[in-house]
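Read the structure below first, then the notes.
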Amino acid sequence: MAPGITIVGDVITNVPNAPVVNQGTVTIDIRTFSPNSGVTNSGTINQALQTEGANSGVVNSGSVGTNLQTIGANSGVTNSGSVGTNITTTGVNSDVMNSGSVGTNITTTGANSSVTNAGSVGSGAAGDGIFINGANPTLTLLTGSIIQGQLDLAGAGTRTLNVVNGLNAMLTFVTAPNVINTNGAPFAVNGTQVAVLDPTAIGQADEMLADLTSGIFNAVHARLNGAGLGAANSFFGRGADASSRMGLGAAMHLRAEPAAPVSHDRRSGIWVQAFAGHRKDDSSGPTVGALSTYEGGIAGVDGWLMPGVRIGGFAGGARAELDTAFNAQEINVDSFFGGGYASFRQESWFAHVMLSAGRSGHDSTRRVVNNLAPGGIQFGTASYNGDFISPEMTVGTTFAIGGLVIEPSGRLRYAHISLDGYSETGVADGLSIASRDVSLWLGRAQVAFPFADENGTFSPRVGVEAWSSDSDNVSAVLLGQTLSFRPGGQDDEVTGFVGATATANLDGNTTLYLDGEMHFDGDGYSRSEARGGFRVRF
């Protein structure tokens, strides 16, 4: 039946090898009674759809008003549309794949039959749910599953439950599975109950620590780079002098000269910055993808302790949001921090030493599929704190080749956070996570190319950043069972990056500056960060 065609009454056929395709409207039923006579429906069937005969499956992307039934071996159902009441298959190897909606239940009867669900099934009424009868039944739950009703793997033999990564589940069975596959995600079994935990957000604690400390320290670096202490203004007015002094012959022989020290502004100053960043991780092991955004503000004051030595302090706050793929979990983090820094310059060499410490408050919301909960979904919530500390050291030098000022430098950072334990409320699996420590080492090598004149500076940079974090086991209680598991995720990461710092001198006392960089690798990881602010000398 073509689109727009309406059949008043039934469509009934018993012709073998004559599949039916409906794109229009059938006001009552479609029924077929011969082998190899399946139905493809993308239209509307006001009442029932039934096939009887081997190899007479159904593909439904439209609407079936009441029940959808197949009888015969190898007569499965693929449903991405809507079925008003139930899907029923009878016959060996008659699988059901549902990514649409089924009003009451899915029932299969036949050996080696399975149900794969990524849609909604049932309304919570008596008799709703998924029932797989016959030897070796298999239930596979994909992200997007919502089940309101019973789960019963009633067949003999191997009763298998598969749960895809990215799904938190609290499942209660009539007849429980005896084989459970979770693709590496932690799970617990208690009688006829099975709980599965998506570890993605737990495994992101080190990445979020790296984001926070990068936001803080890169803001301090941006301030120092705009103050003539490495990159940017350290070569105010130097480019032309180096070029004329060295000459073409020197450039051809790559003879490098250390840049002569410049006369720095010896006054103290205050500075203010806002920063923001974005990070994306692809799936790795039992974890799925995650997206993190963060923003914050920081203010500081510094001054010269002696010629070549500047010291300062800062304080600020930041907010981060982590969202895992498939809306499995969200964590919001509010952080407050403070710290200090010292910057040293001796001729063409410079070094920066920084230290930051603070406290972070975490609010977590975890989405859990629960077949006995109203609506089929519960949300587990928890709040907990963490205390962090992080030192960093940078060493670099400056020289000129052929009139081009070059500034290579290297950084080394350690960061550690102690996270409190917590217990969730609002979900039946009783998840609690013990207190734990997370730490990481981060190294960075970069080369900057600063240019300057009386109006300001511009300093592009390129480099490589690598970090490695601990991957200690996490202790947890799930469904009353004690678990110890590795949260997964990337414990080691290497990225290339490009970035730049720019400053603009508004007058003798005020300078504006912007800074940003982008990180990338070949494994689906990316991070970008930007900041802007000003300093006022006094």
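Taking the numbering used here, the leading residue of the sequence shown gets 5, the next gets one more, and so forth.
Glycine residues also receive a C-beta, built at the ideal position from the N, C-alpha and C atoms.
This structure is a prediction, so every number in the text was calculated from the model and none was measured.
field: Three-state secondary structure (DSSP) of Arg163
entry: Start at 1 with the first residue of the sequence shown, and residue 163 comes out as number 159. Arg163: coil per DSSP, three-state reduction.
Sequence ranges, alpha helix (DSSP H) only - wholly within the region 140-226, length at least 4: none
- prompt: To which residues does DSSP link Asp441 through a beta bridge?
  reply: By one-based count along the sequence shown, residue 441 stands at place 437. According to DSSP, which records beta bridges pairwise, Asp441 is partnered with Ser422.
query: Just to confirm, are Arg440 and Trp275 a CB contact at a threshold of 8 Å?
result: What you label residue 440 is simply residue 436 of the sequence shown in a count that begins at 1. What you label residue 275 is simply residue 271 of the sequence shown in a count that begins at 1. Against a cut-off of 8 Å, the Cβ pair of Trp275 and Arg440 comes out as no contact.
query: Residues in its own chain within less than 7 Å of Gly467 by CB, not counting five upstream and five downstream?
result: Taking the sequence shown and counting its residues from 1, the one referred to as residue 467 is at position 463. These residues qualify, in order along the chain: Arg448, Ala449, Gln450, Val451 and Phe501.
message: Given this structure, state the Cα-to-Cα distance separating Val62 from Gly384, to the nearest angstrom.
response: Working through the sequence shown from its first residue, we reach residue 62 at position 58. Working through the sequence shown from its first residue, we reach residue 384 at position 380. If I take the Cα positions, the gap works out to 38 Å.
message: Looking at Asn83: is its Cβ nearer than 8 Å to the Cβ of Asn102?
response: In the sequence shown, counting from the first residue as 1, residue 83 sits at position 79. In the sequence shown, counting from the first residue as 1, residue 102 sits at position 98. Yes. Within cutoff.
task: Could you tell me the distance, in whole angstroms, from the CA atom of Ala504 to the CA atom of Asp476?
output: Position 500 of the sequence shown, counted from the start, is the residue given in the question as residue 504. Position 472 of the sequence shown, counted from the start, is the residue given in the question as residue 476. So the two alpha carbons sit approximately 36 Å from each other.
- prompt: Leaving out the 5 sequence neighbours to the left and right, which residues in its chain are closer than 7 Å to Thr111 when beta-carbon positions are compared?
  reply: Residue 111 sits at position 107 when you count from the first residue of the sequence shown. Contacts found: Asn90, Thr92 and Phe135.
message: The beta strand (DSSP E) that contains Tyr517, what's its start and end?
response: The sequence position of residue 517 within the sequence shown is 513, counting from 1. Unbroken beta strand (DSSP E) run through Tyr517: Thr514 to Phe524.
- request: Assign Arg363 to one of two classes, buried (16 or more other C-beta atoms within 10 Å of its C-beta) or exposed (fewer than that).
  value: One-based indexing of the sequence shown puts residue 363 at position 359. When all chains shown are included, Arg363 counts as exposed.
task: Can you give me the Cβ contacts of Thr17 inside the same chain, cut-off strictly under 8 Å, excluding the 5 residues immediately before and after it?
output: The sequence position of residue 17 within the sequence shown is 13, counting from 1. The residues are Val24, Arg35, Thr36, Phe37, Ser38 and Ser41.
task: Please look up how many angstroms separate the CB atoms of Gly46 and Gly66, rounded, as I've assumed it's under 8 Å.
output: Indexing the sequence shown from 1 puts residue 46 at position 42. Indexing the sequence shown from 1 puts residue 66 at position 62. Per the sequence shown, residue 46 should be read as Ser rather than Gly. That belief holds up - the Cβ atoms of Ser46 and Gly66 are roughly 5 Å apart, short of 8 Å.
- request: Quick one: which unbroken beta strand (DSSP E) runs of 3-plus residues sit fully inside the region 444-499? Chain order, please.
  value: 455-457, 460-473, 478-482 and 485-489
Where Asn83 falls: helix, strand or coil (DSSP): Within the sequence shown, residue 83 is the residue found at index 79, counting from 1. In the structure shown, Asn83 sits in a strand (DSSP, three-state: E or B).
- request: Measuring alpha carbon to alpha carbon, tell me which of Gly321, Glu299 and Ser272 ends up nearest Met310.
  value: Here residue 310 refers to the residue found at position 306 of the sequence shown. Checking every option, the nearest Cα to that of Met310 belongs to Ser272.
- prompt: What's the gap between the Cα of Leu171 and the Cα of Pro491?
  reply: To locate residue 171, count along the sequence shown from 1; it is residue 167. To locate residue 491, count along the sequence shown from 1; it is residue 487. Looking at the two C-alpha atoms, the distance is approximately 15 Å.
task: For Trp353, I'd like the list of residues in its chain whose CB is within less than 7 Å of its CB, leaving aside the five on either flank, ordered along the chain.
output: In the sequence shown, counting from the first residue as 1, residue 353 sits at position 349. Excluding residues within five positions, the ones whose Cβ falls inside 7 Å are Thr401.
message: Per DSSP, what are the beta-bridge partners of Asn45 in this structure?
response: Here residue 45 is taken as the residue at index 41 of the sequence shown, counted from 1. The partner list for Asn45 (beta bridge, DSSP) reads Asn26 and Asn64.
message: Count Cβ pairs between the region 372-392 and the region 342-357 that sit closer than 8 Å; are there 3 or more?
response: no
- request: Can you grab the Cα-Cα spacing for the pair Ala470 / Ser394, in whole Å?
  value: By one-based count along the sequence shown, residue 470 stands at place 466. By one-based count along the sequence shown, residue 394 stands at place 390. Roughly 16 Å between the two C-alpha positions.
message: Short of 6 Å in beta carbon distance, which residues of its chain neighbour Gly365, apart from the five on each side in sequence? Order them along the chain.
response: Here the question's residue 365 lines up with position 361 in the sequence shown. Answer for Gly365: Asp338 and Asn389, listed in chain order.
query: Hey, would you say Phe318 sits closer than 8 Å to Ala329, going by beta carbons?
result: The count along the sequence shown starts at 1 and reaches residue 318 at position 314. The count along the sequence shown starts at 1 and reaches residue 329 at position 325. No, these two residues do not count as a Cβ contact at 8 Å.
query: To the nearest angstrom, how far is it from the Cα of Gly453 to the Cα of Gly414?
result: Against the sequence shown, residue 453 aligns to sequence position 449. Against the sequence shown, residue 414 aligns to sequence position 410. Reading off the sequence shown, one finds Phe at residue 453, where the question assumed Gly. If you take the alpha carbons of Phe453 and Gly414, they lie about 15 Å apart.
Same chain, Cβ closer than 6 Å to Thr142, five either side skipped, listed in chain order: One-based indexing of the sequence shown puts residue 142 at position 138. So the qualifying residues of the chain are Ser118 and Thr164.
message: Quick check on the DSSP output: the beta strand (DSSP E) that includes Thr74 runs from which residue to which?
response: Taking the first residue of the sequence shown as 1, we reach residue 74 at position 70. Element bounds for Thr74: Leu72 to Ile75.
field: Inter-residue Cα distance where the pair is Ile9 and Gly114
entry: By one-based count along the sequence shown, residue 9 stands at place 5. By one-based count along the sequence shown, residue 114 stands at place 110. In a straight line, the C-alpha of Ile9 is about 36 Å away from that of Gly114.
- request: Report yes or no: do the region 281-297 and the region 199-211 share at least 3 C-beta pairs separated by less than 8 Å?
  value: yes
- prompt: Which value, in whole angstroms, describes the spacing of the CA atoms of Ala209 and Met522?
  reply: By 1-based counting over the sequence shown, the position of residue 209 is 205. By 1-based counting over the sequence shown, the position of residue 522 is 518. Approximately 21 Å between the Cα atoms of the pair.
- prompt: Within this structure, are the beta carbons of Ala361 and Gly536 separated by less than 8 Å?
  reply: Along the sequence shown, read from residue 1 onward, the residue named residue 361 stands at position 357. Along the sequence shown, read from residue 1 onward, the residue named residue 536 stands at position 532. No, Cβ-Cβ distance for Ala361 and Gly536 is not below 8 Å.
- prompt: Mapping DSSP to helix, strand and coil, what is Gly430?
  reply: The residue given as residue 430 occupies position 426 in the sequence shown. In this structure, Gly430 counts as coil in the three-state DSSP scheme.
field: Identified DSSP bridge partners for Leu359
entry: What you label residue 359 is simply residue 355 of the sequence shown in a count that begins at 1. In the DSSP output, where bridge partners are listed per residue, Leu359 has Gly344 and Pro395.
field: Close-in-space but distant-in-sequence residues of the same chain around Ile75 (CB under 6 Å, 5 per side omitted)
entry: Taking the first residue of the sequence shown as position 1, residue 75 is located at position 71. Around Ile75: Glu56 and Thr94.
query: How many Å lie between Asn116 and Asn109 at the Cα?
result: Here residue 116 is taken as the residue at index 112 of the sequence shown, counted from 1. Here residue 109 is taken as the residue at index 105 of the sequence shown, counted from 1. In a straight line, the C-alpha of Asn116 is about 19 Å away from that of Asn109.
- prompt: When you compare each of Val43, Gly131, Ile11 and Ala534 to Val19 by their alpha carbons, which one comes out closest?
  reply: Counting from 1 along the sequence shown, the entry for residue 19 is found at position 15. Closest option to Val19, Cα to Cα, is Val43.
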